[in-house]
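Before any comments, here is the structure.
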């Protein structure tokens with residue numbers, strides 16, 4: 001059986017160590033949506049520390065400008081990465097290259113080249129806007145040792161990802177995927193039944209798979225992912241609410257809930273290491 005099985009009826013002894021990623025802000029929400037949503041670098045660093053203490057292994061990092069707007073500014077990224085590393089030294093940092101309707105593929109590539117981060121998320125759909133530059137992005141990441149997580153929103157994204165794998169545009173060593181369930185606009189709540197559909201379309205063309213889920217069904221969906229040996233991404237980027245419809249206290253509560261689910265299931269957490 002492959003390390004990341006799609007079987008939903010796992011015995012506790014078959015469950016692989018879980019990696020928990022936290023996405024505390026995203027590109028769109030502000031403190032008007034939730035007062036505990038971090039937008040300043042100081043607030044992001046404090047949130048990162050609290051989430052690491054609650055069990056998170058990785059921070060999916062977005063930075064904002066002074067107006068709380070989404071930014072890919074390398075200077076802001078460097079400052080944020082330094083602050084997070086100081087506050088939470090065992091928390092891995094994955095930067096986003098999200099365009100958010102603002103940035104071109106070329107601009108996304110410039111940020112990646114300037115920073116050459118340890119890890120970054122890349123939307124296949126956004127890269128497909130300029131395939132020539134996309135090829136450069138993936139080649140640069142491979143050469144720079146940047147771990148890429150491919151963001152997949154639907155089966156069309158999966159087919160594009162698999163085609164690029166077959167062509168060698170995406171290296172076989174870069175097969176980490178994030179499956180996004182639900183969406184911002186129009187607002188669509190994540191559904192558990194989407195998971196096996198997307199995994200079937202992937203046909204095991206992944207070395208690791210993670211799920212994030214929009215809306216108050218987040219924890220329900222992630223409980224299913226835990227049973228299926230996938231990894232999870234939680235946080236205010238995708239959801240602000242408990243299953244009962246009340247606002248979550250903060251990002252730490254999101255992390256704590258999924259860690260609690262893992263403990264109840266008997267699924268171990270991955271070991272943390274000091275990030276250099």
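Residue numbers (this note's numbering): 1 to 276.
All C-beta atoms in this analysis are idealised placements derived from N, C-alpha and C, irrespective of residue type, glycine included.
Everything numeric in this text was worked out from a predicted model, so none of it was measured.
Residues that DSSP places opposite residue i in a beta bridge
i	result
residue 121	96, 149
residue 176	149, 208
residue 225	Note: residue 225 sits in no beta bridge, so no partner.
residue 213	181
residue 231	210
residue 241	247
residue 59	22, 93
Beta-carbon spacing of residue i, residue j below 8 Å
i	j	result
residue 136	residue 120	no
residue 71	residue 84	no
residue 181	residue 160	no
residue 255	residue 54	yes
residue 198	residue 149	no
residue 210	residue 47	no
residue 153	residue 125	yes
residue 243	residue 219	yes
residue 202	residue 158	yes
residue 108	residue 97	yes
residue 60	residue 272	no
residue 140	residue 112	yes
residue 189	residue 215	yes
Simplified DSSP assignment, three categories, for residue i
i	result
residue 105	helix
residue 256	helix
residue 66	coil
residue 37	coil
residue 84	helix
residue 189	coil
residue 261	helix
residue 269	strand
residue 14	helix
Close-in-space but distant-in-sequence residues of the same chain around residue i (CB under 8 Å, 5 per side omitted)
i	result
residue 18	226, 231, 232, 262, 267, 268, 269, 270
residue 195	179, 181, 211, 221, 224, 225, 228, 230
Alpha-carbon to alpha-carbon, residue j and residue i
i	j	result
residue 127	residue 133	8 Å
residue 115	residue 74	7 Å
residue 69	residue 76	12 Å
residue 14	residue 228	10 Å
residue 79	residue 92	15 Å
residue 247	residue 143	43 Å
residue 36	residue 249	8 Å
residue 237	residue 45	16 Å
residue 191	residue 217	7 Å
residue 51	residue 147	22 Å
residue 208	residue 102	29 Å
residue 4	residue 234	Interpretation of residue 4 is limited by its pLDDT of 40, a score under 50 that renders its predicted location unreliable; no figure is taken from the coordinates.
residue 31	residue 90	27 Å
residue 151	residue 205	14 Å
residue 260	residue 253	10 Å
residue 200	residue 193	12 Å
residue 40	residue 184	23 Å
residue 24	residue 42	13 Å
residue 162	residue 123	14 Å
residue 278	residue 245	Lying outside 1 to 276, the shown extent of the chain, residue 278 is not represented and no answer is given.
residue 16	residue 187	33 Å
residue 67	residue 110	23 Å
residue 29	residue 65	13 Å
residue 145	residue 177	17 Å
Short CB-CB distance (under 8 Å) between residue i and chain D
i	result
residue 190	The structure shown has no chain D; it contains just one protein chain.
Same chain, Cβ closer than 6 Å to residue i, neighbours up to 5 away in sequence not counted
i	result
residue 257	219
residue 49	87, 88
residue 138	169, 170
residue 38	24, 25, 44, 47
residue 81	93
Residues near residue i in its chain [Cβ-Cβ closer than 7 Å; skip 5 each side]
i	result
residue 240	33, 34, 247, 248
residue 27	62, 70, 98, 100
residue 105	126, 127, 129, 130, 133, 134
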